[in-house]
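Have a look at the structure below before the remarks.
2 protein chains.
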Amino acid sequence: MSDLKFGGSPPETAALYLSDEALKQGLDLLFIAARNLSAQSAEALSKAGLGRAHARALHFIARRPGLSVAELLDCLKITKQSLNRVLNDLLRGGYVERKTGMQDRRTRRLQLTPAGRMLTDSIWSAQRPLMVSAFKGAGQDAVNGFRKVVQGMIREDRLRSHKS
Amino acid sequence: MSDLKFGGSPPETAALYLSDEALKQGLDLLFIAARNLSAQSAEALSKAGLGRAHARALHFIARRPGLSVAELLDCLKITKQSLNRVLNDLLRGGYVERKTGMQDRRTRRLQLTPAGRMLTDSIWSAQRPLMVSAFKGAGQDAVNGFRKVVQGMIREDRLRSHKS
DNA sequence: ATTTTAAGTCAGACATGCTGACACAAATAG
DNA sequence: CTATTTGTGTCAGCATGTCTGACTTAAAAT
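Protein chains in written order, with this note's numbering: chain A, 1 to 164; chain B, 1001 to 1164.
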């Protein structure tokens, strides 16, 4: 499996951890890890007749119950039209419910139904073992490092997109 | 920007770093980081009339010059037919060249042309600042932790897919 | 009362992936 | 040497997911 050939050993000398080679290895690793995690969920999804787009929407609805459509759009960074098709599938399938917001009655608050929770649970139990063994095998300090790095990628991107 | 609301502070107590919440935060982070990195490259790609599929192929050809079509397929985990369309775009655009292998003359060795190198360079210079500041901001120890965790995800997946 | 915002919808297009069926040349096995 | 396998390339068709653009409705904000 060619995954082995990527993201080789970490540069031991301090200056090299910011070398192009080390940074590109970081890209390799992120790509492969994201692809593998996504593959884990494929079986549970296809049983429900859903695809990856549905999985992404379900994930964020599960993570932030009661979020509005605009907030979900902001998470997924896709267009309203793209989301609506996905969302209609989830509503028709009975995985998600949509309730008019109380403060602002223009908004629709999204949350999982019991069936939606069962589905996201089965997706999660397919992905979880991979995360558990990666986290456990690496140890708490490494996990904190992982979080620090990836949050840095997200923060940098945010600053950049704010034109600051 | 709602990215802020994900991947909150790391659990401080030892047992909690393997909690479902911590593991799911890991998923959030990976998803957002991968999406943001991909977005960085969009401008350079669309100038060349190419999409994300082309970027992925270019990335691995750049990372392993002279790899065969079969090896590239194994990296990308897509079908031969899907790859061929992408590869033909890259060949016709003059970004990649294909040479018959010397040992095994059935294989085709792929490598970037000078134009391909210019393109991958411009993609990389769009993505690099994000990686640099994430790595630099987190520090070498954190980066080693990051690598350890993500390589764990890849290794676990490999073991799993070998049915061992 | 007017404008703006949040959501939903329709129509059409493009990008990216898949399956199945072939074709060809080169390597390998019997 | 013939038969099979392997690596590659291709055609046709289909499913999914994304996009732009135009328009509607309801509710909030001015």
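Glycine included, C-beta positions come from ideal geometry on N, C-alpha and C.
Pull the bridge partners of Leu67(A) from the DSSP assignment, please.
Working through the first sequence from its first residue, we reach residue 67(A) at position 67. DSSP lists Leu110(A) as partners of Leu67(A).
Expected contact under 8 Å - CB spacing of Arg1109(B) and Ser1082(B) to nearest Å:
On the second sequence, residue 1109(B) is found 109 positions in, with the first residue counted as 1. On the second sequence, residue 1082(B) is found 82 positions in, with the first residue counted as 1. Wrong, their Cβ atoms sit about 20 Å apart, outside the cutoff.
Verify the CB distance criterion: does His104(A) have a CB-CB separation below 8 Å to chain B?
As a first step, residue 104(A) is located in the first sequence; it is residue number 104 there, counting from the start. Note that residue 104(A) is Asp in the sequence shown here, rather than His. So, not an interface residue.
Three-state secondary structure (DSSP) at Arg1155(B)?
Position 155 of the second sequence, counted from the first residue, corresponds to residue 1155(B). Three-state result, Arg1155(B): helix.
Name the chain B residues that come within less than 9 Å of Tyr95(A), Cβ to Cβ?
Numbered from 1 along the first sequence, position 95 holds the residue referred to as residue 95(A). Going along chain B, no residue has its Cβ under 9 Å from Tyr95(A), so there is no contact; the nearest lies around 18 Å.
Tell me, which residues are paired with Lys1099(B) by DSSP?
If you number the second sequence from 1, residue 1099(B) lands on position 99. Looking at the DSSP output, Lys1099(B) bridges to Arg1109(B).
Give me the Cα-Cα distance between Ser1038(B) and Leu18(A), rounded to the nearest whole angstrom.
Position 38 of the second sequence, counted from the first residue, corresponds to residue 1038(B). Position 18 of the first sequence, counted from the first residue, corresponds to residue 18(A). Approximately 20 Å between the Cα atoms of the pair.
Cβ-based neighbour list, Leu1016(B), same chain, cut-off 8 Å, excluding 5 preceding and 5 following
One-based indexing of the second sequence puts residue 1016(B) at position 16. Cβ neighbours of Leu1016(B) beyond the five flanking positions: Ala1022.
In terms of alpha-carbon separation, which member of Leu1029(B), Gln1025(B) and Phe1006(B) lies closest to Val150(A)?
Walking along the first sequence from the start, residue 150(A) turns up at place 150. Answer by Cα proximity: Leu1029(B).
In chain A, which residues lie less than 9 Å from Val1069(B) when you measure between Cβ atoms?
For the purposes of this step, residue 1069(B) is identified with residue 69 of the second sequence, where counting begins at 1. None at all; the shortest Cβ gap to chain A is about 12 Å.
Within 10 Å of its beta-carbon, does Thr120(A) have 16 or more other beta-carbons around it, so buried, or fewer, so exposed?
Working through the first sequence from its first residue, we reach residue 120(A) at position 120. Around the beta-carbon of Thr120(A), 16 or more other beta-carbon atoms lie within 10 Å, marking it buried.
Taking C-beta pairs closer than 7 Å, name the residues in chain A that Asp1141(B) reaches, listed in chain order.
Translated into the one-based positions of the second sequence, residue 1141(B) becomes position 141. Within 7 Å of the CB of Asp1141(B), the CB atoms of chain A belong to Gly145, in sequence order along the chain.
List, in order along the chain, the chain A residues whose C-beta lies closer than 7 Å to that of Ile1123(B)?
Within the second sequence, the letter at position 123 stands for residue 1123(B). Going along chain A, no residue has its Cβ under 7 Å from Ile1123(B), so there is no contact; the nearest lies around 10 Å.
Output yes if chain B places a C-beta closer than 8 Å to the C-beta of Val86(A); else output no.
Translated into the one-based positions of the first sequence, residue 86(A) becomes position 86. Taking Cβ atoms only, chain B never reaches closer than 8 Å to Val86(A), which makes this a no.
For the candidate residues Phe1135(B), Ser1041(B) and Arg1105(B), whose alpha-carbon lies nearest to that of Ala1126(B)?
Numbered from its first residue, the second sequence carries residue 1126(B) at position 126. Of the candidates Phe1135(B), Ser1041(B) and Arg1105(B), the one whose C-alpha sits nearest the C-alpha of Ala1126(B) is Ser1041(B).
Distance CB(Ala44(A))-CB(Ser122(A)) smaller than 8 Å:
Sequence index remark: in the first sequence, residue 44(A) carries index 44 (1-based). Sequence index remark: in the first sequence, residue 122(A) carries index 122 (1-based). Cβ distance < 8 Å, so Ala44(A) and Ser122(A) count as in contact.
Selection of the segment 1036-1053 of chain B by Cβ proximity to chain A, strictly under 8 Å
Asn1036, Leu1037, Ala1039 and Gln1040
Do Gln111(A) and Gly66(A) have their C-beta atoms within less than 8 Å of each other?
Position 111 of the first sequence, counted from the start, is the residue given in the question as residue 111(A). Position 66 of the first sequence, counted from the start, is the residue given in the question as residue 66(A). Contact flag set, yes.
In terms of residue numbering, what span does the alpha helix (DSSP H) encompassing Ile1032(B) cover?
One-based indexing of the second sequence puts residue 1032(B) at position 32. Asp1020 to Gln1040 is the extent of the alpha helix (DSSP H) around Ile1032(B).
Who are the near neighbours of Arg1064(B) in its chain, counting only those whose CB is closer than 6 Å to its CB and skipping five residues on each side?
Indexing the second sequence from 1 puts residue 1064(B) at position 64. Taken in chain order, the list of residues that qualify is empty.
Taking buried to mean at least 16 other C-beta atoms within 10 Å of its own C-beta, is Lys1163(B) buried or exposed?
The sequence position of residue 1163(B) within the second sequence is 163, counting from 1. Only weak support is given to the placement of Lys1163(B): the predicted model assigns it a pLDDT of 42, under 50, and the value that follows is read from those uncertain coordinates. That one is exposed.
Helix, strand or coil: which one does DSSP assign to Ala48(A)?
Numbered from its first residue, the first sequence carries residue 48(A) at position 48. It is coil, neither helix nor strand.
Exposed or buried, which one is Gly1051(B) when buried takes at least 16 other CB atoms within 10 Å?
Translated into the one-based positions of the second sequence, residue 1051(B) becomes position 51. By the neighbour-count rule (16 or more Cβ atoms within 10 Å), Gly1051(B) is not buried but exposed.
Give a yes or no on whether the minimum CB-CB distance between Met131(A) and chain B is below 8 Å.
Taking the first sequence and counting its residues from 1, the one referred to as residue 131(A) is at position 131. Chain B contact via Cβ: present.
Span separating the alpha-carbon of Leu237(A) from that of Leu1072(B):
Chain A is shown only over 1 to 164; residue 237(A) falls outside these bounds and no answer can be derived.
Cβ atoms of Ala48(A) and Gly93(A): under 8 Å apart, would you say?
Taking the first residue of the first sequence as 1, we reach residue 93(A) at position 93. Taking the first residue of the first sequence as 1, we reach residue 48(A) at position 48. Contact flag set, yes.
Do you know whose CA, among Gln1103(B), Lys1099(B) and His1054(B), lies nearest Asn1084(B)'s CA?
The residue you call residue 1084(B) lines up with position 84 of the second sequence. Checked all of Gln1103(B), Lys1099(B) and His1054(B); the closest Cα to Asn1084(B) is His1054(B).
Sub-8 Å separation of Lys77(A) and Arg1035(B) beta-carbons:
Translated into positions along the first sequence, residue 77(A) becomes position 77. Translated into positions along the second sequence, residue 1035(B) becomes position 35. Contact flag set, yes.
In three-state DSSP terms, what is Gly1093(B)?
Position 93 of the second sequence holds residue 1093(B). Gly1093(B) carries a coil assignment under DSSP once its states are collapsed to helix, strand and coil.
So Gln127(A) contacts chain B; which residues on that side make the cut at Cβ distance below 8 Å?
Translated into positions along the first sequence, residue 127(A) becomes position 127. Residues of chain B passing the Cβ test: Leu1027.
If you reduce the DSSP assignment to three classes, tell me which class Thr1120(B) lands in.
Residue 1120(B) sits at position 120 when you count from the first residue of the second sequence. Note: Thr1120(B) maps to helix in three-state DSSP.
Kindly list, in the order they appear in chain B, the residues whose Cβ is closer than 8 Å to that of Arg108(A).
Against the first sequence, residue 108(A) aligns to sequence position 108. Ordered by position in chain B, no residue passes the 8 Å Cβ test against Arg108(A), which lies about 16 Å from the chain.
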